[in-house]
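Note sheet for the following structure.
6 protein chains.
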Amino acid sequence: MNTLYVSSPTKTLKKYDGSQLRPLFSYEHFGLKGNAMLSWVAPTDVTLTHMVDYEDKIEESKICGDKMLHFMIEFFPANLSTGVMAQRLLASIIKDLAQAKAPKAVLSRKGDDIYVGQGKLSISIASVSAVSTLIHFAVNITNKGTPVKTASLEDLKIKPDAFAKEVLKAFSSEFEDVMWATQKVKPL
Amino acid sequence: MNTLYVSSPTKTLKKYDGSQLRPLFSYEHFGLKGNAMLSWVAPTDVTLTHMVDYEDKIEESKICGDKMLHFMIEFFPANLSTGVMAQRLLASIIKDLAQAKAPKAVLSRKGDDIYVGQGKLSISIASVSAVSTLIHFAVNITNKGTPVKTASLEDLKIKPDAFAKEVLKAFSSEFEDVMWATQKVKPL
Amino acid sequence: MNTLYVSSPTKTLKKYDGSQLRPLFSYEHFGLKGNAMLSWVAPTDVTLTHMVDYEDKIEESKICGDKMLHFMIEFFPANLSTGVMAQRLLASIIKDLAQAKAPKAVLSRKGDDIYVGQGKLSISIASVSAVSTLIHFAVNITNKGTPVKTASLEDLKIKPDAFAKEVLKAFSSEFEDVMWATQKVKPL
Amino acid sequence: MNTLYVSSPTKTLKKYDGSQLRPLFSYEHFGLKGNAMLSWVAPTDVTLTHMVDYEDKIEESKICGDKMLHFMIEFFPANLSTGVMAQRLLASIIKDLAQAKAPKAVLSRKGDDIYVGQGKLSISIASVSAVSTLIHFAVNITNKGTPVKTASLEDLKIKPDAFAKEVLKAFSSEFEDVMWATQKVKPL
Amino acid sequence: MNTLYVSSPTKTLKKYDGSQLRPLFSYEHFGLKGNAMLSWVAPTDVTLTHMVDYEDKIEESKICGDKMLHFMIEFFPANLSTGVMAQRLLASIIKDLAQAKAPKAVLSRKGDDIYVGQGKLSISIASVSAVSTLIHFAVNITNKGTPVKTASLEDLKIKPDAFAKEVLKAFSSEFEDVMWATQKVKPL
Amino acid sequence: MNTLYVSSPTKTLKKYDGSQLRPLFSYEHFGLKGNAMLSWVAPTDVTLTHMVDYEDKIEESKICGDKMLHFMIEFFPANLSTGVMAQRLLASIIKDLAQAKAPKAVLSRKGDDIYVGQGKLSISIASVSAVSTLIHFAVNITNKGTPVKTASLEDLKIKPDAFAKEVLKAFSSEFEDVMWATQKVKPL
Numbered sequence: 000m001n002t003l004y005v006s007s008p009t010k011t012l013k014k015y016d017g018s019q020l021r022p023l024f025s026y027e028h029f030g031l032k033g034n035a036m037l038s039w040v041a042p043t044d045v046t047l048t049h050m051v052d053y054e055d056k057i058e059e060s061k062i063c064g065d066k067m068l069h070f071m072i073e074f075f076p077a078n079l080s081t082g083v084m085a086q087r088l089l090a091s092i093i094k095d096l097a098q099a100k101a102p103k104a105v106l107s108r109k110g111d112d113i114y115v116g117q118g119k120l121s122i123s124i125a126s127v128s129a130v131s132t133l134i135h136f137a138v139n140i141t142n143k144g145t146p147v148k149t150a151s152l153e154d155l156k157i158k159p160d161a162f163a164k165e166v167l168k169a170f171s172s173e174f175e176d177v178m179w180a181t182q183k184v185k186p187l
Numbered sequence: 000m001n002t003l004y005v006s007s008p009t010k011t012l013k014k015y016d017g018s019q020l021r022p023l024f025s026y027e028h029f030g031l032k033g034n035a036m037l038s039w040v041a042p043t044d045v046t047l048t049h050m051v052d053y054e055d056k057i058e059e060s061k062i063c064g065d066k067m068l069h070f071m072i073e074f075f076p077a078n079l080s081t082g083v084m085a086q087r088l089l090a091s092i093i094k095d096l097a098q099a100k101a102p103k104a105v106l107s108r109k110g111d112d113i114y115v116g117q118g119k120l121s122i123s124i125a126s127v128s129a130v131s132t133l134i135h136f137a138v139n140i141t142n143k144g145t146p147v148k149t150a151s152l153e154d155l156k157i158k159p160d161a162f163a164k165e166v167l168k169a170f171s172s173e174f175e176d177v178m179w180a181t182q183k184v185k186p187l
Numbered sequence: 000m001n002t003l004y005v006s007s008p009t010k011t012l013k014k015y016d017g018s019q020l021r022p023l024f025s026y027e028h029f030g031l032k033g034n035a036m037l038s039w040v041a042p043t044d045v046t047l048t049h050m051v052d053y054e055d056k057i058e059e060s061k062i063c064g065d066k067m068l069h070f071m072i073e074f075f076p077a078n079l080s081t082g083v084m085a086q087r088l089l090a091s092i093i094k095d096l097a098q099a100k101a102p103k104a105v106l107s108r109k110g111d112d113i114y115v116g117q118g119k120l121s122i123s124i125a126s127v128s129a130v131s132t133l134i135h136f137a138v139n140i141t142n143k144g145t146p147v148k149t150a151s152l153e154d155l156k157i158k159p160d161a162f163a164k165e166v167l168k169a170f171s172s173e174f175e176d177v178m179w180a181t182q183k184v185k186p187l
Numbered sequence: 000m001n002t003l004y005v006s007s008p009t010k011t012l013k014k015y016d017g018s019q020l021r022p023l024f025s026y027e028h029f030g031l032k033g034n035a036m037l038s039w040v041a042p043t044d045v046t047l048t049h050m051v052d053y054e055d056k057i058e059e060s061k062i063c064g065d066k067m068l069h070f071m072i073e074f075f076p077a078n079l080s081t082g083v084m085a086q087r088l089l090a091s092i093i094k095d096l097a098q099a100k101a102p103k104a105v106l107s108r109k110g111d112d113i114y115v116g117q118g119k120l121s122i123s124i125a126s127v128s129a130v131s132t133l134i135h136f137a138v139n140i141t142n143k144g145t146p147v148k149t150a151s152l153e154d155l156k157i158k159p160d161a162f163a164k165e166v167l168k169a170f171s172s173e174f175e176d177v178m179w180a181t182q183k184v185k186p187l
Numbered sequence: 000m001n002t003l004y005v006s007s008p009t010k011t012l013k014k015y016d017g018s019q020l021r022p023l024f025s026y027e028h029f030g031l032k033g034n035a036m037l038s039w040v041a042p043t044d045v046t047l048t049h050m051v052d053y054e055d056k057i058e059e060s061k062i063c064g065d066k067m068l069h070f071m072i073e074f075f076p077a078n079l080s081t082g083v084m085a086q087r088l089l090a091s092i093i094k095d096l097a098q099a100k101a102p103k104a105v106l107s108r109k110g111d112d113i114y115v116g117q118g119k120l121s122i123s124i125a126s127v128s129a130v131s132t133l134i135h136f137a138v139n140i141t142n143k144g145t146p147v148k149t150a151s152l153e154d155l156k157i158k159p160d161a162f163a164k165e166v167l168k169a170f171s172s173e174f175e176d177v178m179w180a181t182q183k184v185k186p187l
Numbered sequence: 000m001n002t003l004y005v006s007s008p009t010k011t012l013k014k015y016d017g018s019q020l021r022p023l024f025s026y027e028h029f030g031l032k033g034n035a036m037l038s039w040v041a042p043t044d045v046t047l048t049h050m051v052d053y054e055d056k057i058e059e060s061k062i063c064g065d066k067m068l069h070f071m072i073e074f075f076p077a078n079l080s081t082g083v084m085a086q087r088l089l090a091s092i093i094k095d096l097a098q099a100k101a102p103k104a105v106l107s108r109k110g111d112d113i114y115v116g117q118g119k120l121s122i123s124i125a126s127v128s129a130v131s132t133l134i135h136f137a138v139n140i141t142n143k144g145t146p147v148k149t150a151s152l153e154d155l156k157i158k159p160d161a162f163a164k165e166v167l168k169a170f171s172s173e174f175e176d177v178m179w180a181t182q183k184v185k186p187l
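This is how it looks when you write it as structure tokens:
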């Protein structure tokens, strides 16, 4: 899994509005080939058109925040149940890495969300196109501009840049290891 | 996902030798229908015939322990990448639950293994038949009879029975929630 | 499979024009989660844009009727051959239920169509998105506004409301039973 | 779908014991290529080893009868939900054809079973190998040697040979038509 | 696999701009049912909107030529790895057929491209929709209007019409034979 | 795709009897991880038990030869149509490489077979397990011990060792390139 942390977000990354979650985005704009994971810092404001989760749509949830650390994963081929499992594994990895950096905070994972106490640290979605599986996961850097009670990396005194790189490394290793685990067992 | 903790292991569960990891075992022997998760306490001694992981086979690993807490999951249909992702999510859930009960211990998940410091707490495998996906996950209750440096629930002062029930509840809820998450998103 | 008969069609159901046959429609508008089956009464006039069946498109078929009883099914994941088989099973179920209520009429199923004598009682289509399988099935309540020789529930003296509920119950039970039948057999 | 009615059962068909329900049987023994449907008359006595349905196994059901009309279908590739849907569609087709020949009898389909009044007319199972989907469906010709209250073609005054050929024709046409229906629709 | 060589290209085929590579095109416009392969002669100028290959998009490749022999294949269901393998097999078949007609030329296949010496003879792409697999393959008839150093059927003294028909016959036979080869082996 | 030419065949490779064509063989015996391709020289005598192709079984074909160059490929996951397409692409690659070394010989590929004039140069089969796709392809080194009119590498003056390495390199590159081609296109 190829990874990239974009430290100076280009025009197309300036604001995460959901349009970026589409097949081949990381390849088209950053040359990341095949299974890929991209990360960058940007405000979030997902428009209704790009709202993938109908639960959010029905509840008219706002999906926004002034500054978030984004992760976007694409892997091949389309496999939504694998995608959702991977999304939650990513939530677990991020939670564990953040917990290690902020040992006094009380972090927990609930489904695809991470909480610090009662504050929601993250947003996430997974879906598929006809060719690939896509995951978006974003962590609040600040609590400004968020629509509900949130927590943020600022609260935890975690610097986004270094943290992003750790997450990219940890998840991409995990992903490769999972792929390998599907290629070494006999059928039952 | 239907779950069952078998407090008084029947003959077929007396020793985990790998033969139990087969399609429909939980239904045939315990009437658990559909997606199912079974748990019980038994010694482990996986014979070469039932060794599913060729990595173990090549390295001539011994897979044994005098007393382990077993979890066996079957879900439909066959999907090995989902199975391996689910296996690691289960490892993460068990690690978090054990950590909460033993806050001073240093627990970590590495792939499908849980460690307490340097001691290996668990063994696990995931594979598929033509009809279903199967996962076995077992946690040492004691360090006796294990082939490498291990850790155990005894070290962590965790009682297997209550712990098993918590794990069954947490993973089965997670699984249902994952299934639901595959049924509420629009394609990309 | 969650079911709902919408006795007072909302704006989005006022006319079936084919736009309703899209992923997550029943969830978005009626909160039906997961595998779902919706039913309501409305006129039909499928526009060319929403014509899913190219056979109809090529033959420039009109798909219309002044008053029809609609059934719309969505199940997960995408599986078109299962979808078409399910569509015909639904046709068979509706035919049998109608036959029981109108024992003197001569009903027959031909593929995904139901006939009363030479009159066509129904229209239907099945297709997939990247996330789900969708089926539309509609039965004439009146013969008015139909483009070919048709038959209708009025001819059979069948009341749409009660009949709709019977069909919802029969098909959803059948569907659950089919799913169960995929989870209780050993591979060959 | 290639079809064959074997009027003089060969040695391998003399008794249906479940061993015939395996990949490529119809091709190996009768040269039926690709998607295939075979029919013949023979007694049934399914041994425990060849019992595919764990529900039968758990309930220690006997699957037997002195003289039954057998249908065995194989299609490619493996797709169990399509297989079970197809199995029920076959039950529906057989029920309708038998009803037409015995208009005074009260036939009904319940899942994959056909009943005449309270008497069970048929047995059936569907499963998959790694390469194909397999269905067995058999109809009692006589009530002799059956383990429960049954009905039979004799009761209905239906001659097995001609009936078998009608069923072969009807189901194989239906199957081809279903395949075609998966190849003429646009995605949603 | 149904095949058609359109000797007098209709309006929709007058120029290949990429819009033709969509599900059911051959059925909608030429009545080719099911797995289908269409061929015709037309200039090529693929617009950015219809550029399927992101590698081309990134490199801002021009995909054009004044006169090309087009082949468009659709088969069911969606299976992209089979599609890409089939695309290369097609390249191999065309290369071998052209080589036989021009024994002194040095033809070679590199991936999905055919070369005559250093000149590129062909362009090609394969992708999927939610219902089918699609391949476009085109061979230069002339070197006029091409964006790179090319070779053409004119160079090889090969007449497009007869050649097209040979290719249609060879690939469609190969495809049927491949399908048959998936229906005659036992699982491993 | 990991590749290995075993110049001194170990015990398990001494004779190809078909038992080697099983999941994970290359990993278990030679440590080749993941998608893998193995090659070696050995006599062939496939026993009836290990005959995968029912066409051979029905025709009671003998599959044997005193000295053959073997190629065995395994890739993940199971996908039989991709496997058969890959098998034929391999035949095409081997044919082209041999043709380049023996320019005066008349080589041709027919399906999964290579011919030199009327002499059959090769044997091959492709199938799947529940976890992977497997291909065996072997080329006669000598015509001794073969059951039909054959051709051999000896006839073509091709040395097996160097040739094997060329084939391993060419096919593994092609395979990687095919995988990449499934990860760079937008859906249609």
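Residue numbers (numbering that gives the first Met the number 0), protein chains in the order written: chain A, 0 to 187; chain B, 0 to 187; chain C, 0 to 187; chain D, 0 to 187; chain E, 0 to 187; chain F, 0 to 187. Even for Gly, the Cβ is constructed at its ideal location relative to N, Cα and C. If you're wondering where the values come from, they're calculated on a predicted model, not measured in any experiment.
- Counted as a single uninterrupted DSSP element, the beta strand (DSSP E) harbouring leucine 133/F occupies residues 132-139.
- Per the DSSP secondary-structure output, glutamate 73/E pairs in a beta bridge with Ala35/E and Leu133/E.
- Per DSSP, the beta-bridge partners of methionine 67/C are Ala41/C and Asn139/C.
- Three or more pairs of CB atoms, one per stretch, sit closer than 8 Å, so the region 57-65 of chain D contacts the region 136-144 of chain D.
- Isoleucine 93/F and valine 115/F have their alpha carbons spaced roughly 12 Å apart.
- Within the region 78-121 of chain D, complete alpha helix (DSSP H) segments of at least 4 residues are found at 79-100, given in chain order.
- Here the alpha carbon of arginine 87/A sits roughly 5 Å from the alpha carbon of aspartate 111/A.
- Counted as a single uninterrupted DSSP element, the beta strand (DSSP E) harbouring valine 5/D occupies residues 1-5.
- Per the C-alpha coordinates, the member of Ala97/F, Thr181/F and Asp44/F positioned closest to isoleucine 157/F is Ala97/F.
- One thing to note: leucine 133/C has its Cβ within 9 Å of the Cβ of leucine 187/D.
- Among the CB atoms of chain F, none fall inside 9 Å of the CB of tyrosine 114/B.
- Aspartate 52/C reaches chain D at Lys183 and Val184, counting residues in chain order whose Cβ is nearer than 8 Å.
- Lysine 119/D sits buried, since 16 or more C-beta atoms from the chains shown fall within 10 Å of its C-beta.
- Nearest neighbour of glutamine 19/C by Cα position, chosen from His49/C, Val127/C and Thr181/C, turns out to be His49/C.
- For glycine 30/A, at least one C-beta of chain E is nearer than 9 Å to its own C-beta.
- Residue pairing by DSSP places valine 184/E opposite Asp52/F in a beta bridge.
- For the C-beta of aspartate 154/F, not a single chain E residue is nearer than 9 Å; the gap to the nearest is close to 21 Å.
- Among the CB atoms of chain E, none fall inside 9 Å of the CB of leucine 187/A.
- In terms of Cα proximity to serine 25/A, the closest of Glu153/A, Asp52/A, Pro42/A and Phe74/A is Phe74/A.
- In this structure, the alpha-carbon of threonine 9/C lies about 10 Å from that of tryptophan 39/C.
- Judged by DSSP secondary structure, serine 25/D falls within the alpha helix (DSSP H) whose first and last residues are 24-29.
- Assignment of valine 147/F by DSSP, reduced to helix, strand and coil, places it in the coil class.
- For glutamate 153/D, the enclosing alpha helix (DSSP H) covers residues 152-155.
- Taking a Cβ-Cβ threshold of 9 Å, the residues of chain E close to phenylalanine 75/D are Met178, Thr181 and Gln182, in chain order.
- In this structure the region 70-85 of chain A lies against the region 119-131 of chain A, because at least three pairs of beta carbons, one per stretch, are closer than 8 Å.
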